[in-house]
Amino acid sequence: MRAIAERQGESSVDGASSELLAAPPSPPSPSFVAVQHQLAEATAELAEVRQELEVVRAAGAVEVARLSEEIEAANRRVLAAAAPGQSRWKEVTLEAALRASEDALSESQQAHAAAEAKARSMARELRKAQRVQAKLHRELAEADAVRAAERDEF
Numbered sequence: 040m041r042a043i044a045e046r047q048g049e050s051s052v053d054g055a056s057s058e059l060l061a062a063p064p065s066p067p068s069p070s071f072v073a074v075q076h077q078l079a080e081a082t083a084e085l086a087e088v089r090q091e092l093e094v095v096r097a098a099g100a101v102e103v104a105r106l107s108e109e110i111e112a113a114n115r116r117v118l119a120a121a122a123p124g125q126s127r128w129k130e131v132t133l134e135a136a137l138r139a140s141e142d143a144l145s146e147s148q149q150a151h152a153a154a155e156a157k158a159r160s161m162a163r164e165l166r167k168a169q170r171v172q173a174k175l176h177r178e179l180a181e182a183d184a185v186r187a188a189e190r191d192e193f
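Okay, so the sequence shown: first residue is 40 according to my numbering, each after it adds one.
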């Protein structure tokens with residue numbers, strides 16, 4: 040038997056190994072494909088959350104800048120109204136400018152607080168998506184290891 044195998048140029052074990060290596064790879068298991076799909080979805084969702092977070096941060100910064108300009112304009116009006124020789128209309132203008140400044144400041148603080156709350160919420164969603172992504176990476180690695188073990192058994 041050995042002589043026949045030697046004449047053929049390989050042992051029966053080597054022949055079986057060659058056949059396995061020459062065989063096309065087995066298709067991925069449905070669970071492996073499902074995990075890959077979930078990972079792709081989680082990655083896409085994570086990217087969307089990151090984009091939304093950046094949009095919220097940018098919008099908050101724009102709103103704060105706009106309100107800061109309004110406050111500065113109101114302050115300029117206050118300083119202009121406080122010039123010597125004030126008359127009653129200057130006092131009224133001063134009071135109105137102060138109220139406008141206070142309103143703008145309050146609005147700015149509210150907008151900033153809302154933007155921060157939205158950013159915190161989105162950060163929580165981002166961390167949640169990152170945890171899901173990490174879990175899917177682990178599941179994918181496990182499925183890959185199982186697949187490799189199955190392939191090695193053959």
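Beta carbons are placed, not taken as given, at the ideal position from N, Cα and C, and that holds for glycine.
Name the residue from the options whose alpha carbon lies nearest to the alpha carbon of residue i.
i	options	result
Ala-83	Glu-181, Gln-169, Arg-105 and Ala-184	Gln-169
Arg-115	Glu-102, Thr-132, Ala-156 and Glu-178	Thr-132
Ala-143	Arg-96, Ala-154 and Arg-105	Arg-105
Ser-145	Glu-130, Val-103, Lys-167 and Asp-191	Val-103
Ser-140	Ser-147, Ala-113 and His-176	Ala-113
Val-171	Gln-75, His-76 and Ala-81	Ala-81
Asn-74	Arg-190, Glu-192 and Leu-175	Checking the displayed sequence, the identity of residue 74 turns out to be Val instead of Asn. Residue Leu-175 is the option with its Cα nearest to Val-74.
Gln-208	Glu-178, Glu-134, Ser-107 and Leu-165	No answer is possible for residue 208: the residues shown for the chain start at 40 and end at 193.
Ala-136	His-151, Glu-111 and Ala-150	Glu-111
Leu-85	Lys-167, Asp-191, Glu-181 and Glu-134	Lys-167
Taking 8 Å as the cut-off, is the C-beta of residue i nearer than that to any heavy atom in the ligand GTP?
i	result
Phe-71	By its list of ligands, the structure shown contains no ligand whatsoever, and the ligand GTP lies outside what it can speak to.
### Message
Any contact between the segment 89–107 and the segment 151–162? By contact I mean 3 or more CB pairs, one from each, below 8 Å.
### Response
yes
### Message
Taking 8 Å as the cut-off, does the segment 65–74 touch the segment 183–192 (at least 3 CB pairs, one atom from each stretch)?
### Response
yes
### Query
Per the contact definition of three or more C-beta pairs closer than 8 Å, is the segment 95–103 in contact with the segment 145–159?
yes
### Query
Which ranges would you report for the alpha helix (DSSP H) in the segment 120–174 if only whole runs of at least 4 residues count?
none
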